[in-house]
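This report refers to the structure that appears directly beneath it.
Residue numbers (this note's numbering): 2 to 1055.
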C-alpha cells in the first residue's frame, strides 16, 4: 500500500477512496483466480494490491489471473563466443526479458527472479588453428525406412517403390583421441554434413509361378487312380514378398470301371533286393562274349589304314593309364530284382496273365554295389599351438587328422569329420612367457607455430620470429615389450644347461643380475600392438621475446674512494645507479649498463647525513627571535647505509642551522618546501645545475611585530650537480662460446650445474671496456676498477647427444609360396625409426631409414580340377536274370555305366586325388543310367552345342540332333512332337533402364562456396539463398519391368 500510495502522487482524494474500496476490490479479484494458482503463488497479495491500485486510477485494465500468469521469461539466442584466448575460456551472452503469455513485454518484477535464466555462460572460443585438431566423424547410412505419407489414403498398388529416408550419425570429435566435442567447433570450419537423405524402398515382389502343365495320365487304367500336374517358379519372392505356392497338385482320376472278372486279381510289386554281384561263371561267360566281339572289331581294324590303327592304339594305351584303379573307390556294377505277382482276391497267387496291364513293371535293374566311407585311424595330436605362458589367453589348440581310405559309393551317408581340434595348455616348469607388444614413441619435435597459421601469417612469420601457441608432433611405432626379459631368460636357461653338462663339482650357481642395455627396440608390424594408441600431437607454447626494462637513474651519490679498503692515493668517484625492472629474454646480458661514475675531488668513504633538525632555540635565552637549530645526523658509508659513528670521525660535523623563533606578533611563515630536482645532471661551461625551494606567508605581522619579508625572500636557489659533465661507465660485450677448461677435468667427471647433470664445465669470456658518455672508448683507468664487471665465468657445456635410431625391422613378408594367375615380382621392405635427433655436435643420423628389395619370383599356384574320362560300356543285368523277360534275345535295355575320374592340375599334369578333394569342388558322378537301344527303339545323335547369341534382348539360340540308322525310316521316330530334333532357348537379356521415382527434393545449395546473387554477398559457411540443385531418386528395371539392383543401370538409382 505504501508503494502504491507513493505512485498516486498528490491525489489524496483518490488515495482515500482506494483505502475505503480496497477490501471489496480484493474480494472481487480473488474470486477470479483459480485455486491452484492461489496455492502456488506467495506474492499474490502484493500483485492484487497493485492491480486494485491500477484499476482505481485507470492505468491498465487487467485481471488478477492475467497478472499472475505473466511470469514467462523468454530468452534470445546465444551470441558469439568472445574472449582473449582460444579454447574453453570464452564467454557468450544472450538477452533475457519478462513477457506476458500473450507475447507482450512487461516489467522484470512481474517474473519470478529465482527462475530467471542465465544470460551468460562459458563457451569454447574457436580459432583458426583448431582446424588441425577437430573434424567431423561421419557414420554410415542406416537402413532405409518408410516416410509416413501426409495423406491418409494410400495407393492400392505399389508401382515404382516407396519413398523412404535414411539417417547417419555425425559428431564433432578431437582427431587425437576421438573424444566428442561441441558441434560449433567443427561448424566454424565446415558446415555440418547432411544427416538424412531420401532413398527408395523397392516394392514387395511376390513369388510368380507359371501355369500348371497338363494333368498326367491316370495311374490306373480302370477304377480310381491318381494324376498330378506341376508348375515352375518364374520369379522368386523379393523384398518381403509372399512365398511361392505349391508347385505340384494331385487329384483322383476315374477311368472306366473295371470288369467284374478283372477286379478279382490285382498286381503286387515287391521291394528291390540287395544289389548283388554276378556269379563268377556268368562273368566269365560275359567276358567270352566280349572277346568274341573284340575279334569282330579286330577284323574290322585289319581293313583300316595302318597309320590310323597306330594312332588308335596310342590313344587306347593313354586311356588305359588314365583309368587305373584308384585307391579311393572301386565301382562294382551288379543287379537287383523284385517280385511282381498276380494275386487273387482270396490271396492265392495266379499267373501274370490274369492281371491284364499294358505294361508290367520291370523285375530287374542294374545297380551299384554300396560301399561305405572308410577312414584311417586318428593321427597323433600335434604340439600345442601355445608354447608360452600368457595370462590373457592361457590355452592354445592342438589338432589331429585322419585320411579317407574309401570314398562312399552308392551310399547316402557322408564321410565323418577328418580333423579334430581341442584346447590345450603347455606343460612343464620351463615355459617362457609369451611375447608381448607395446607402443613406443619418439621424442617430441620442437614446438612450431607455423602449422597453425594461415597463409598470410606464414608470410609474416618469415620476417619475424614466431611465438605463442604452437604444436609439436612425434612418431609412434610398435615394438616387442618384453624383449629384454625373454633374452635374459634364454641366457639363464643356456647357462643352466651348460652347467648341468659340465663334469665339475657342484657349486652354487652365480647370481645373475638383469641388466638391460639402453638400446632401441626393433620396430615390428603395427598390427601386433592392440593397446590404445598414444597421442602423436600436442599443443605447446613458445615464449615471446621481452625487452629489458630499467628504472630511472638514482641521484648522484657522495664523492667516495674507489676502494675504501685501500683509500691511499686513490681517486674519488660519484656514482649513480639504476636497476632492472623486467628481465629480458636470454638473461641480463642484453640489458644496458646499470652504473655510471664521475671523477671527483676530496673523496671520503664515510660522511655525516642530516636526517632532521631539533627545535629552534632563540639566542640569549629570549622567548623568540633569532636562534639556532642543532642538526640530527647519522654516519653512512658510500652506499648510503648507516654505520658506526666512529667511522665518521674524520668527516666534518654539520654546524647548527640559523633559525627564527617567531614572536607572537611576528609574521608567520611556513616551512621551506623540499628542494626541487636539479635542472642539469652536470655542470659545464654553458650549463649549471640549479634547484629551488619556497615557503609561503601563513599570517601577517601584528602591531609591533616583525614584518613579513618581500616576495623575493620567500624563495631560495642553490647550485647542484656542480661536477663536470664527464661521465664514465663500463660497457660489456656478449659472452663468447663456452670452451672446455682442462683445469677442471676432475670436476667434470661428476658435475651438476644448477641442479642439472652436465657432461663438463667450461669457461666463457667477454670484452669489457671503459666508455665516456657521448665520446666513446677511453682508457680503463677512467672507470672505477673495483666496479669493473667480470670478464671470465664458468659455463655449462651441454652433453653431446648422438642420433639414436632403432635397428632395422624384419623384412616384410613376400607373397606366399605360390600366386594365382600371372607371377608378379613384389618387393619387401624394412625400416627404422629415429627416436633421438643429434644435438651439440653429436653423431648425425644415417641417411638410409628405409630399404627395399625385390622378392624372389614365386611359382604359380596350381589349381586343380576333376578330369572325367569316357563312360565305359553300358552294363546290363546278366542274361540269366533277364532271360525270361520279353526281348531277352536282344542285348539291349536299361543298364548302368561307370567312368574313371582323375585329378589334374590346370596345366594338365597329374595330381593326387586328395588335392582335388580339397580344392576342386564336389566329386563328379561316377555312374549313370544308360540305354542300349533295341531294334524297335528310336536312335539319335547327341545334342549339338547351343548356337551363339548376338547380344540383343529377345534373341534365340538353338541346338540340333539327327536320327541315325533304321530310325530314319520309322514313322514314330519322325514325329517331331514326340521326338523333337531342334530345341530353342531365349538368350539372356542384359539390358536395363533407369527411371525416376518419387518427387523432386528441396533446393540444396552447394557447400563451401561464396556466391553473389541479386547484389547480396553470402558470407560464412551457411547459406540460405543462391543457385542450388534438386535431386530425384532413380530405380533400375529390366526389360520385363522388374525392379533389379541399381548397379545394373548405367546411372545410379539414388
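Glycine residues also receive a C-beta, built at the ideal position from the N, C-alpha and C atoms.
No experiment lies behind these values; they were computed from the predicted model shown.
Query	Result
Simplified DSSP state of residue 966, which is helix, strand or coil	helix
Residue 251 - DSSP class collapsed to helix/strand/coil	strand
Reference residue 205; option with closest CA among 163, 169, 184, 235	163
Start-to-end residues for the alpha helix (DSSP H) that takes in residue 184	184-188
Proximity below 8 Å, CB of residue 440 to CB of residue 479	yes
Outcome for residue 740 when other beta-carbon atoms lying within 10 angstroms are tallied against a minimum of 16	exposed
Per-residue burial, residue 883 [other beta carbons within 10 Å of its own, 16 or more giving buried]	buried
Inter-residue Cα distance where the pair is residue 1044 and residue 1001	21 Å
Residue 239 in three-state terms, based on DSSP	strand
Buried/exposed call for residue 785, threshold 16 Cβ in 10 Å	buried
Beta-carbon proximity list for residue 376, same chain, < 8 Å, skipping 5 on both sides	403, 404, 405, 406, 416, 417, 419
C-alpha gap between residue 564 and residue 783, whole angstroms	14 Å
Test item: CB-CB of residue 167 and residue 198 under 8 Å	yes
Cβ shell of residue 679 (< 8 Å), same chain only, five flanking positions each side left out	690, 691, 692, 721, 722
Sub-8 Å separation of residue 91 and residue 124 beta-carbons	yes
Reduced DSSP secondary structure (H/G/I, E/B, other) of residue 451	helix
Residue 175 versus residue 132 - alpha carbon distance	10 Å
Buried versus exposed, by CB contacts within 10 Å (16 or more), residue 1037	buried
Alpha-carbon spacing of residue 834 relative to residue 912, whole angstroms	48 Å
Nearest candidate by alpha-carbon position, reference residue 881, set 547, 95, 279, 329	279
Contacting residues, own chain, Cβ-Cβ under 6 Å from residue 1029 (five flanking each side not counted)	1004, 1005, 1006
Limits of the unbroken beta strand (DSSP E) element including residue 220	Unbroken run through residue 220: none, as it is neither H nor E.
Cβ separation of residue 408 and residue 374, assumed to be a contact under 8 Å, to the nearest whole Å	6 Å
Cβ pair residue 248, residue 233 closer than 8 Å	yes
Proximity below 8 Å, CB of residue 796 to CB of residue 842	no
Cβ shell of residue 209 (< 8 Å), same chain only, five flanking positions each side left out	234, 235, 236
Through-space distance from residue 99 to residue 36, alpha-carbon basis	Caution is warranted here: a pLDDT of 40 is assigned to residue 36, below 50, making its placement in the model unreliable, and the coordinate value is therefore given only provisionally. Going from the Cα of residue 36 to the Cα of residue 99 covers about 24 Å.
Those runs of the beta strand (DSSP E) which lie wholly inside the region 561-633 and span at least 3 residues	573-578, 581-583, 596-601, 608-614, 626-630
Three CB pairs or more closer than 8 Å across the region 803-817 and the region 763-777	no
Residue 958 and residue 945 closer than 8 Å at C-beta	no
Pairwise C-alpha distance: residue 336 and residue 929	14 Å
8 Å Cβ cutoff met for residue 561 and residue 671	no
Touch test, the region 436-450 against the region 536-544, Cβ-Cβ under 8 Å, three pairs minimum	yes
Neighbourhood of residue 633 by C-beta, 8 Å cutoff - its chain only, sequence neighbours within 5 removed	611, 612, 613, 614, 615
Member of 908, 968, 907 whose CA lies at the smallest distance from the CA of residue 937	968
Coil, strand or helix - residue 1057 by DSSP	For residue 1057 there is no data in the structure shown, the boundaries of the chain being 2 and 1055.
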